[in-house]
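**Q**
Protein chains: 2
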Amino acid sequence: MPIDEGAAGCRLQVLREPLGRADAEELARCFHALADRGRLRLLSFIAAQPGGEACVCHLTGPLGLAQPTVSHHLRVLTEAGLLARERRGTWAYYRLVPARIAALRDALALPAVTAGVTTRSRPRRASVR
Amino acid sequence: MPIDEGAAGCRLQVLREPLGRADAEELARCFHALADRGRLRLLSFIAAQPGGEACVCHLTGPLGLAQPTVSHHLRVLTEAGLLARERRGTWAYYRLVPARIAALRDALALPAVTAGVTTRSRPRRASVR
DNA sequence: CCGATGCATCGAAGTCTGTCAATATCCACG
DNA sequence: CGTGGATATTGACAGACTTCGATGCATCGG
Chain S
1 MPIDEGAAGC RLQVLREPLG RADAEELARC FHALADRGRL RLLSFIAAQP
51 GGEACVCHLT GPLGLAQPTV SHHLRVLTEA GLLARERRGT WAYYRLVPAR
101 IAALRDALAL PAVTAGVTTR SRPRRASVR
Chain F
1001 MPIDEGAAGC RLQVLREPLG RADAEELARC FHALADRGRL RLLSFIAAQP
1051 GGEACVCHLT GPLGLAQPTV SHHLRVLTEA GLLARERRGT WAYYRLVPAR
1101 IAALRDALAL PAVTAGVTTR SRPRRASVR
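Respectively, the protein sequence lines represent chains S and F.
Numbering follows my numbering, in which position 127 of the first sequence is assigned residue number 127; successive positions increment by one, without gaps.
Plus 1000 on top of the position in the second sequence (first one is 1) and you've got my numbering.
Here's what the structure looks like:
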C-alpha cells in the first residue's frame, strides 16, 4: 500500500536545495531499491522483454536466483514504485513505471552553477561555530 | 584507490540492455552510496554551499550526526566517485563530481519505446516455457 | 471437487551497515 | 618540539539486508 505514497515524494531534488530528514529518507528508500545487483538485473531484464513485461518464471532462470529471492526483490522494486504488478491468471506480470524512473533521474539534476564549472580556485573559509 | 575505477564502470545503461553480473555489481555500488538518508543530505548540503564545497565541521551540525559518522559517509561518497576531497591546511573540503552524478543519471535513461508510453492496455500474454 | 502450477510469505542463517565513543593522525602555529 | 584543533581510523554493537528451503495461497485444467 505505501506504493504510490512515494510517487510524489520522489519528485525531489537532491542537489538544488538542502534536503530535510523526511525527504532524504524517502529518496534513500528509492535509491536503496537500485542498490542491489539482483534488482538492477531484474529491472534490466524486464525492460529488455519484447512487451516490456515479464513474469517471475521468466526471471528466476537468467538471474540464477531462487524463486523466493526473485519474488522478494520484485516486491522491493514494486514498493519503491519502480515496477507495477499485474496478475493475469496464474501469472504475475511486472513492468517498469517510467514516470518513477524519470523522477529518480530528475532527483539527481545538477544545480545550474555546478553544471558547467568543474573546480573553483579559492573558496573563502566559512564561519565555523 | 578504487575511486576512479568505477568512473568508467558507471557509464552503463540499466534499461537499454540486459545487465551482466559484473556491470550490475558495479552500478549497485554506485547507487548504494545514494541509498542512505545521511549521505543524501550530505550531498545536498555540500551542493547548497556558496562555493559548492564544504568541510566536515560545516556538516556535523546541520545533519545531527557525530563527526566520525560524517567522516565515514563522506568516505563512502568519495569512494563512489560522487565527491572529491581536497585538503587545505587543517581542513578537508569536499565538493561534487558533476560528471559522476551525470553518469548515474544516464544509467537510468529509459528505453526509447517505454519513454513516451505510460501503460499499454492489453499486453499480450507472453509465451511461457 | 482434486491435483498441479505459479507466486507469495515465513523462518532462519550469515553478512553487511549505520552509528558512536575512544583513539590515532595530520597540520598549523608558537 | 609541543600544543591544540580538525579530520580519519578503530572497535563494538544493534539493526537491517540477502538468500534460500519449506510452506501457504490462489488459480487453472480436468
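No residue lacks a Cβ here, since even glycine has one placed at the ideal position from N, Cα and C.
(1) Taking residue 88 (chain S) as the reference, which of S:37, S:47, S:54 and S:31 has the closest Cα?
(2) Among S:44, S:80 and S:11, which has the Cα closest to the Cα of residue 1025 (chain F)?
(3) Can a CB atom of chain S be found closer than 8 Å to the CB of residue 1011 (chain F)?
(4) With a threshold of 6 Å on Cβ separation, who are the neighbours of residue 73 (chain S) within its own chain once the five nearest residues in sequence on each side are excluded?
(5) Using a C-beta to C-beta distance shorter than 7 Å, which residues of chain F count as neighbours of residue 32 (chain S)?
(6) Rounded to whole angstroms, what is the Cα-Cα separation between residue 1066 (chain F) and residue 1075 (chain F)?
(7) So which residues on chain S does residue 1074 (chain F) lean against when the C-beta distance must stay under 9 Å?
(8) Under DSSP, the beta strand (DSSP E) around residue 1092 (chain F) begins and ends at which residues?
(9) Which class does residue 1086 (chain F) belong to by DSSP, given the choice of helix, strand or coil?
(10) Quick check: the Cα distance between residue 1132 (chain F) and residue 64 (chain S), rounded to an integer number of angstroms?
(11) Extract the residue ranges of the alpha helix (DSSP H) inside the region 7-72 of chain S, only unbroken runs of 4 or more that lie entirely within it.
(12) Examine chain S for any beta-carbon lying closer than 8 Å to the beta-carbon of residue 1025 (chain F), and answer yes or no.
(13) Would residue 100 (chain S) be called buried (16 or more neighbouring beta carbons within 10 Å of its own) or exposed?
(14) Classify residue 1020 (chain F) as buried or exposed, calling it buried when 16 or more other Cβ atoms lie within 10 Å of its own Cβ.
(15) On the three-state DSSP scale, how would you describe residue 1077 (chain F)?
(16) For a test of the three-state rule: what should DSSP assign to residue 122 (chain S), helix, strand or coil?
(17) Grouping DSSP H, G and I as helix and E and B as strand, with all else coil, what is residue 104 (chain S)?
(18) Which value, in whole angstroms, describes the spacing of the CA atoms of residue 1018 (chain F) and residue 1095 (chain F)?
(19) Closest to residue 82 (chain S) by CA distance: which of S:57, S:104, S:111 and S:36 is it?
(20) When the cut-off is 8 Å and only beta carbons count, does residue 18 (chain S) lie next to chain F?
(21) Between S:48, S:91 and S:56, which has its C-alpha nearest residue 70 (chain S)'s C-alpha?
**A** So, from the data block:
(1) In the first sequence, the residue the question calls residue 88 (chain S) occupies position 88. Here the closest residue by C-alpha is S:54.
(2) Start at 1 with the first residue of the second sequence, and residue 1025 (chain F) comes out as number 25. The residue with the shortest Cα to Cα distance from residue 1025 (chain F) is S:44.
(3) Taking the first residue of the second sequence as position 1, residue 1011 (chain F) is located at position 11. Chain S, which has no Cβ nearer than 8 Å to the Cβ of residue 1011 (chain F), makes this no.
(4) For this step, residue 73 (chain S) is matched to residue 73 along the first sequence. Answer for residue 73 (chain S): 38, 39 and 42, listed in chain order.
(5) On the first sequence, residue 32 (chain S) is found 32 positions in, with the first residue counted as 1. The answer, in chain order, is 1035.
(6) Residue 1066 (chain F) sits at position 66 when you count from the first residue of the second sequence. Residue 1075 (chain F) sits at position 75 when you count from the first residue of the second sequence. The C-alpha of residue 1075 (chain F) is placed about 14 Å away from the C-alpha of residue 1066 (chain F).
(7) The sequence position of residue 1074 (chain F) within the second sequence is 74, counting from 1. By Cβ distance, chain S contributes nothing, its closest Cβ being about 16 Å from residue 1074 (chain F), past 9 Å.
(8) By 1-based counting over the second sequence, the position of residue 1092 (chain F) is 92. Its beta strand (DSSP E) spans residues 1091-1096.
(9) Along the second sequence, one-based indexing puts residue 1086 (chain F) at 86. Residue state, collapsed to three classes: strand.
(10) The structure shown has nothing for residue 1132 (chain F), since chain F only spans 1001 to 1129.
(11) Within the region 7-72 of chain S, the complete alpha helix (DSSP H) segments at least 4 residues long are 21-34, 37-48 and 56-63, listed from N- to C-terminus.
(12) Counting from one through the second sequence, the residue named residue 1025 (chain F) turns up at place 25. It does: the Cβ of residue 1025 (chain F) has a partner Cβ on chain S nearer than 8 Å.
(13) Counting from one through the first sequence, the residue named residue 100 (chain S) turns up at place 100. It counts as buried.
(14) In the second sequence, counting from the first residue as 1, residue 1020 (chain F) sits at position 20. An exposed status is given to residue 1020 (chain F), since fewer than 16 other beta-carbon atoms sit within 10 Å of its beta-carbon.
(15) The residue given as residue 1077 (chain F) occupies position 77 in the second sequence. In the structure shown, residue 1077 (chain F) sits in a helix (DSSP, three-state: H, G or I).
(16) Taking the first sequence and counting its residues from 1, one reaches residue 122 (chain S) at position 122. Bear in mind that the predicted position of residue 122 (chain S) carries a pLDDT of just 35, short of 50, making it too unreliable to give a figure here.
(17) Translated into positions along the first sequence, residue 104 (chain S) becomes position 104. Three-state DSSP puts residue 104 (chain S) in a helix.
(18) Counting from one through the second sequence, the residue named residue 1018 (chain F) turns up at place 18. Counting from one through the second sequence, the residue named residue 1095 (chain F) turns up at place 95. Between the alpha carbons of residue 1018 (chain F) and residue 1095 (chain F) lies a gap of roughly 33 Å.
(19) Translated into the one-based positions of the first sequence, residue 82 (chain S) becomes position 82. Ranking the options by Cα distance to residue 82 (chain S), first place goes to S:104.
(20) Indexing the first sequence from 1 puts residue 18 (chain S) at position 18. Residue 18 (chain S) counts as touching chain F.
(21) Here residue 70 (chain S) refers to the residue found at position 70 when the first sequence is read from its first residue. The shortest C-alpha separation from residue 70 (chain S) is found at S:56.
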